[in-house]
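Report on one structure; see the data block that follows.
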Amino acid sequence: MSNAFFNVPIAINEPVKAYKPGTDEHKSLIAKYKEMYNQAPVEVPMYIGGEHVKTNDKRPMAPPHERSKVIGHYNHGDASHVEAAIEAALKARKEWAALPWDQRASIFLRAADLLAGPFRDRMNAATMLAQSKNVFQAEIDAACELIDFFRFNVQYMTHIYKEQPESLPGMWNRLQYRPLEGFVFAVTPFNFTSIAANLSAAPALMGNVVVWKPAESQMYSAQVIMELYEAAGVPPGVINMISVDGPVAGDVVFKHKDLAGLHFTGSTGVFRHLWKEIGDNIANYKSYPRIVGETGGKDFIVAHKSANPAEVATAMSRGAFEFQGQKCSAASRAYVPSNLWPEVKKLVVEQVSSFKMGSPDDSSNFINAVIDERAFDKISGYIDYIKSQDDAEIIVGGNYDKSTGYFIEPTIAVTTNPKFRTMCEEIFGPVLTVYVYDENAYEETLHLVDETSEYALTGSIMAYDRYAINMALEILENAAGNFYINDKPTGAVVGQQPFGGARGSGTNDKAGAAMNLLRWTSARTIKETFVTPTDYRYPFLG
Ligand code: NAD
Numbered sequence: 000m001s002n003a004f005f006n007v008p009i010a011i012n013e014p015v016k017a018y019k020p021g022t023d024e025h026k027s028l029i030a031k032y033k034e035m036y037n038q039a040p041v042e043v044p045m046y047i048g049g050e051h052v053k054t055n056d057k058r059p060m061a062p063p064h065e066r067s068k069v070i071g072h073y074n075h076g077d078a079s080h081v082e083a084a085i086e087a088a089l090k091a092r093k094e095w096a097a098l099p100w101d102q103r104a105s106i107f108l109r110a111a112d113l114l115a116g117p118f119r120d121r122m123n124a125a126t127m128l129a130q131s132k133n134v135f136q137a138e139i140d141a142a143c144e145l146i147d148f149f150r151f152n153v154q155y156m157t158h159i160y161k162e163q164p165e166s167l168p169g170m171w172n173r174l175q176y177r178p179l180e181g182f183v184f185a186v187t188p189f190n191f192t193s194i195a196a197n198l199s200a201a202p203a204l205m206g207n208v209v210v211w212k213p214a215e216s217q218m219y220s221a222q223v224i225m226e227l228y229e230a231a232g233v234p235p236g237v238i239n240m241i242s243v244d245g246p247v248a249g250d251v252v253f254k255h256k257d258l259a260g261l262h263f264t265g266s267t268g269v270f271r272h273l274w275k276e277i278g279d280n281i282a283n284y285k286s287y288p289r290i291v292g293e294t295g296g297k298d299f300i301v302a303h304k305s306a307n308p309a310e311v312a313t314a315m316s317r318g319a320f321e322f323q324g325q326k327c328s329a330a331s332r333a334y335v336p337s338n339l340w341p342e343v344k345k346l347v348v349e350q351v352s353s354f355k356m357g358s359p360d361d362s363s364n365f366i367n368a369v370i371d372e373r374a375f376d377k378i379s380g381y382i383d384y385i386k387s388q389d390d391a392e393i394i395v396g397g398n399y400d401k402s403t404g405y406f407i408e409p410t411i412a413v414t415t416n417p418k419f420r421t422m423c424e425e426i427f428g429p430v431l432t433v434y435v436y437d438e439n440a441y442e443e444t445l446h447l448v449d450e451t452s453e454y455a456l457t458g459s460i461m462a463y464d465r466y467a468i469n470m471a472l473e474i475l476e477n478a479a480g481n482f483y484i485n486d487k488p489t490g491a492v493v494g495q496q497p498f499g500g501a502r503g504s505g506t507n508d509k510a511g512a513a514m515n516l517l518r519w520t521s522a523r524t525i526k527e528t529f530v531t532p533t534d535y536r537y538p539f540l541g
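According to numbering that gives the first Met the number 0, the stretch in the sequence shown is residues 0 to 541, in order.
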């Protein structure tokens with residue numbers, strides 16, 4: 000019986016392993032990658048009410064860097080599976096919601112330790128295979144960020160529960176943080192294994208039951224997440240994973256009276272569509288569903304004339320091209336002053352030209368493949384567009400080839416038009432567009448940055464002039480939910496830089512922070528009066 004106020008372990012960020020070639024950690028991860036690559040093709044079931052559900056619709060999974068290699072199949076479902084998953088979730092709800100919080104905490108703390116230990120190589124290797132991340136990108140995402148999500152969320156949960164109202168003499172006021180009345184629908188993107196897991200785990204930690212729909216291109220690593228949940232002791236039905244076409248799932252979920260929340264990360268267009276579906280069905284729900292969505296970005300780097308050219312060039316090459324630019328935070332537009340451009344250009348072209356591209360099992364490759372054919376065609380379409388225009392020019396990269404895998408050279412274009420299409424639209428690939436501005440037009444340029452895109456996710460200012468830094472903070476106040484000074488605009492760490500953007504980039508509920516967890520609770524205020532009045536007459540009545 001829980002009869003004490005328990006303290007949870009203090010969360011600290013999981014140390015990131017460096018994977019220097021020749022070390023044991025490097026050998027172990029590459030061996031796991033090879034083992035998973037060479038094993039018989041796996042079959043990924045759906046997970047509904049603790050059952051592993053298979054169908055006749057088996058769809059192949061191939062690494063983006065080797066499209067002909069089948070590493071397994073996932074079982075694709077239909078509307079009946081969505082209905083079954085909702086039913087299983089609702090069946091599990093009563094017992095899960097009633098489980099003391101410390102028991103829920105234990106499950107996710109155990110998940111963190113399993114992932115830090117026996118699951119680490121497997122989760123990283125699955126992410127290298129499924130999403131074509133190099134060892135370091137896999138480590139910071141699939142291992143460290145996810146471990147941090149689990150541990151910090153447990154700690155933030157206790158902060159929330161400790162937040163209690165005042166009580167005057169004669170009464171006791173309490174706040175109970177109930178889970179939502181219904182189920183939460185988690186819809187996740189391909190690009191971060193950690194986000195895929197966190198979107199189902201965060202509501203579950205707060206006592207909710209979840210139907211989770213991963214992106215089809217992430218199914219291989221999604222399975223390892225479900226295996227981790229099973230090993231950690233998440234009870235059957237609490238998190239149900241389905242693989243169904245988005246609109247098919249949406250059609251059942253958004254019409255269901257017990258939909259209590261949407262936890263979404265993905266593109267802005269899809270999020271707007273889902274919000275509208277919820278709006279169209281609003282009169283049919285038992286409660287108003289919580290809508291949390293982190294979406295697209297058109298993230299910027301602004302350099303001031305006082306910046307250091309080598310620092311600007313490195314912020315550009317790392318910020319734009321790590322994980323092939325497939326980060327919502329990736330720099331995709333840069334504003335460089337005329338005095339620095341010749342040196343920045345020389346350095347950044349040198350850096351990008353030295354990138355090696357290929358399979359992630361060769362750790363000398365900085366760049367791997369983009370996720371799938373649809374992404375490849377979209378990104379290469381943007382590159383062709385740049386080539387066809389007079390007001391932009393490619394200074395490095397520009398080639399692409401999908402014969403073996405979906406490889407696109409990191410590409411930098413320079414434009415004379417600050418509203419050029421690739422300065423405004425999210426490409427979600429390794430393409431950076433640069434606008435060179437008059438070094439004396441800094442303030443106007445900041446206004447331009449603010450007004451150029453519909454998004455407001457991340458951005459950075461590179462400068463050594465303190466007045467210039469402060470001016471950027473003020474003019475760009477609403478242009479980014481994560482703002483960096485003298486750093487690249489990527490690489491937010493749980494517990495350190497709570498992540499999320501506003502405007503077209505999302506509801507800014509900051510994943511991995513108490514703000515997000517609060518959305519998965521519905522507080523009940525309890526007032527207890529100790530000596531209850533027995534006469535209706537107040538003193539003023541005389
Ligand atoms: P996407 O929008 O194509 O897909 C996201 C999820 O939505 C997938 O699971 C997909 O199957 C599902 N989906 C699509 N249509 C649907 C429908 N009609 N009904 C229900 N579900 C539907 O995004 P993606 O390509 O997987 O990921 C890339 C996008 O995610 C980029 O725009 C990126 O900026 C964004 N992203 C944002 C953040 C952030 O924190 N802001 C983080 C990662 C990715």
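We treat Cβ as the ideally placed atom computed from N, Cα and C, and that holds for glycine.
In this text, all values refer to a predicted model and were calculated from it rather than measured experimentally.
Regarding E372 and ligand 1, is the C-beta to nearest heavy atom distance less than 8 Å? As a working note, residue 372 is residue 373 in the sequence shown. No - ligand 1 has no heavy atom lying nearer than 8 Å to the Cβ of E372.
Could you work out which residue in E293, L258, E408, G295 is closest to I277 when comparing CA atoms only? Residue numbering aside, residue 277 sits at position 278 when the sequence shown is read from its first letter. Answer by Cα proximity: L258.
Can you find at least 3 beta carbon pairs, one from the segment 74 to 87 and one from the segment 106 to 119, that sit closer than 8 Å? Flag = no, the segment 74 to 87 and the segment 106 to 119 do not touch.
For K345, does the three-state DSSP call read helix, strand or coil? Residue mapping note: residue 345 aligns to position 346 of the sequence shown, counting from 1. K345: helix per DSSP, three-state reduction.
What does the Cβ neighbour count give for R271, buried or exposed, with the cut at 16 atoms within 10 Å? Residue mapping note: residue 271 aligns to position 272 of the sequence shown, counting from 1. By the neighbour-count rule (16 or more Cβ atoms within 10 Å), R271 is not buried but exposed.
Assuming L258 is part of the beta strand (DSSP E), what are its boundary residues? Translated into positions along the sequence shown, residue 258 becomes position 259. Looking at the DSSP string, the run of the beta strand (DSSP E) that includes L258 is 258 to 264.
Specify the secondary structure class of F191 as computed by DSSP and reduced to three states. The sequence position of residue 191 within the sequence shown is 192, counting from 1. In the three-state reduction of the DSSP assignment, F191 falls in the coil class.
Go ahead and pull the three-state DSSP assignment for D279. Against the sequence shown, residue 279 aligns to sequence position 280. Three-state result, D279: helix.
For the beta strand (DSSP E) that M461 lies in, which residues bound it at each end? Taking the first residue of the sequence shown as position 1, residue 461 is located at position 462. 457 to 461 is the span of the beta strand (DSSP E), which, as asked, contains M461.
In angstroms, rounded to a whole number, what distance separates the CA positions of T520 and I106? Looking up residue 520 in the sequence shown gives position 521. Looking up residue 106 in the sequence shown gives position 107. Straight-line Cα distance between these residues: approximately 19 Å.
Closer than 8 Å: is that where the CB of F263 sits relative to any heavy atom of ligand 1? For the purposes of this step, residue 263 is taken as the residue at position 264 of the sequence shown. It does: the Cβ of F263 is within 8 Å (strictly closer) of some heavy atom of ligand 1.
Heavy atom of ligand 1 less than 8 Å from the Cβ of H255, yes or no? Here residue 255 is taken as the residue at index 256 of the sequence shown, counted from 1. Between ligand 1 and H255, a heavy atom-to-CB distance of less than 8 Å is absent.
For the alpha helix (DSSP H) holding G71, just list the boundary residues, first then last. For the purposes of this step, residue 71 is taken as the residue at position 72 of the sequence shown. Per DSSP, G71 belongs to no alpha helix (DSSP H); it is in the beta strand (DSSP E), 71 to 74.
CB contact flag (I146, L114, <9 Å): Reading the sequence shown from its first residue, position 147 is the one you call residue 146. Reading the sequence shown from its first residue, position 115 is the one you call residue 114. Yes, the Cβ-Cβ distance between I146 and L114 is below 9 Å.
So, do the segment 332 to 348 and the segment 500 to 518 have three or more beta carbon pairs nearer to each other than 8 Å? By the C-beta criterion, the segment 332 to 348 is judged not to be in contact with the segment 500 to 518, since fewer than 3 inter-stretch pairs fall below 8 Å.
Can you give the Cα-Cα distance for A501 and Y535, rounded to whole angstroms? Within the sequence shown, the letter at position 502 stands for residue 501. Within the sequence shown, the letter at position 536 stands for residue 535. Each residue's alpha carbon lies about 51 Å from the other.
Near N6, what residues of its chain come up, given a Cβ to Cβ distance below 8 Å and the 5 sequence neighbours on each side ignored? Taking the sequence shown and counting its residues from 1, one reaches residue 6 at position 7. So the list reads T157, once near-sequence residues are dropped.
Give a single yes or no on whether C423 has its beta carbon closer than 8 Å to a heavy atom of ligand 1. Residue mapping note: residue 423 aligns to position 424 of the sequence shown, counting from 1. No, ligand 1 has no heavy atom inside 8 Å of this Cβ.
Whole angstroms is fine: what's the gap from I194's alpha carbon to A185's? Taking the sequence shown and counting its residues from 1, one reaches residue 194 at position 195. Taking the sequence shown and counting its residues from 1, one reaches residue 185 at position 186. As the crow flies, the alpha-carbon of I194 is around 10 Å from that of A185.
CA nearest to the CA of T267, picked from K487, R373, H303, F427: Within the sequence shown, numbered from 1, the residue matching residue 267 stands at position 268. Considering only alpha carbons, the answer is F427.
Beta carbon of E476: closer than 8 Å to some heavy atom of ligand 1? Working through the sequence shown from its first residue, we reach residue 476 at position 477. Taking 8 Å as the cut-off, one finds no heavy atom of ligand 1 near enough to the beta carbon of E476.
Can you say whether A302 is buried or exposed, counting buried as having 16 or more other CB atoms within 10 angstroms of its CB? Here residue 302 refers to the residue found at position 303 of the sequence shown. Flag for A302 reads buried.
Give a yes or no on contact between the segment 40 to 47 and the segment 345 to 352, applying the rule of three or more CB pairs nearer than 8 Å. No: fewer than three Cβ pairs fall under 8 Å.
Identify which residue in R518, P538, G169 has its Cα closest to the Cα of Y542. The chain is shown from 0 up to 541; residue 542 falls before or after that span and cannot be answered.
Is P488 near ligand 1, going by C-beta to nearest heavy atom under 8 Å? Your numbering for residue 488 matches position 489 in the sequence shown. Look at P488: its beta carbon is at least 8 Å from all of the heavy atoms in ligand 1.
Return the chain-ordered ranges of every beta strand (DSSP E) run that is complete within the segment 449 to 536 and spans a minimum of 3 residues. Listed in chain order, the complete beta strand (DSSP E) runs (minimum 3 residues) inside the segment 449 to 536 are 457 to 461, 481 to 484, 520 to 528.
Would the C-beta of I553 count as close to ligand 1, meaning under 8 Å from any of its heavy atoms? Missing from the structure shown is residue 553; the chain here goes from 0 to 541 and no further.
Helix, strand or coil for N133? Go by DSSP, reduced to three states. Sequence index remark: in the sequence shown, residue 133 carries index 134 (1-based). Three-state result, N133: coil.
Just how far apart, CA to CA, sit S27 and G21? Translated into positions along the sequence shown, residue 27 becomes position 28. Translated into positions along the sequence shown, residue 21 becomes position 22. In a straight line, the C-alpha of S27 is about 10 Å away from that of G21.
When the Cα of S316 is compared with those of S242, I290, T410, which residue comes out closest? Taking the sequence shown and counting its residues from 1, one reaches residue 316 at position 317. By alpha-carbon distance to S316, the top candidate from S242, I290, T410 is T410.
Would the beta-carbon of E162 be found less than 8 Å away from any heavy atom of ligand 1? Looking up residue 162 in the sequence shown gives position 163. Every heavy atom of ligand 1 is 8 Å or more from the Cβ of E162, so no.
Quick check on the DSSP output: the alpha helix (DSSP H) that includes H158 runs from which residue to which? Residue mapping note: residue 158 aligns to position 159 of the sequence shown, counting from 1. Per DSSP, H158 belongs to the alpha helix (DSSP H) from 145 to 161.
Tell me Q175's beta-bridge partners as DSSP assigns them. Numbered from its first residue, the sequence shown carries residue 175 at position 176. Its beta-bridge partners are R523.
Taking a contact to mean a Cβ-Cβ separation below 9 Å, would you say T187 touches K212 in this structure? Position 188 of the sequence shown, counted from the first residue, corresponds to residue 187. Position 213 of the sequence shown, counted from the first residue, corresponds to residue 212. Contact flag set, yes.
Compute the Euclidean distance between the alpha carbons of Y436 and T444, then round it to the nearest angstrom. Taking the sequence shown and counting its residues from 1, one reaches residue 436 at position 437. Taking the sequence shown and counting its residues from 1, one reaches residue 444 at position 445. Whole-angstrom Cα-Cα distance: 7 Å.
From K31 to A124, what distance separates their C-alpha atoms? Numbered from 1 along the sequence shown, position 32 holds the residue referred to as residue 31. Numbered from 1 along the sequence shown, position 125 holds the residue referred to as residue 124. For K31 and A124, the gap between their C-alpha atoms comes out near 6 Å.
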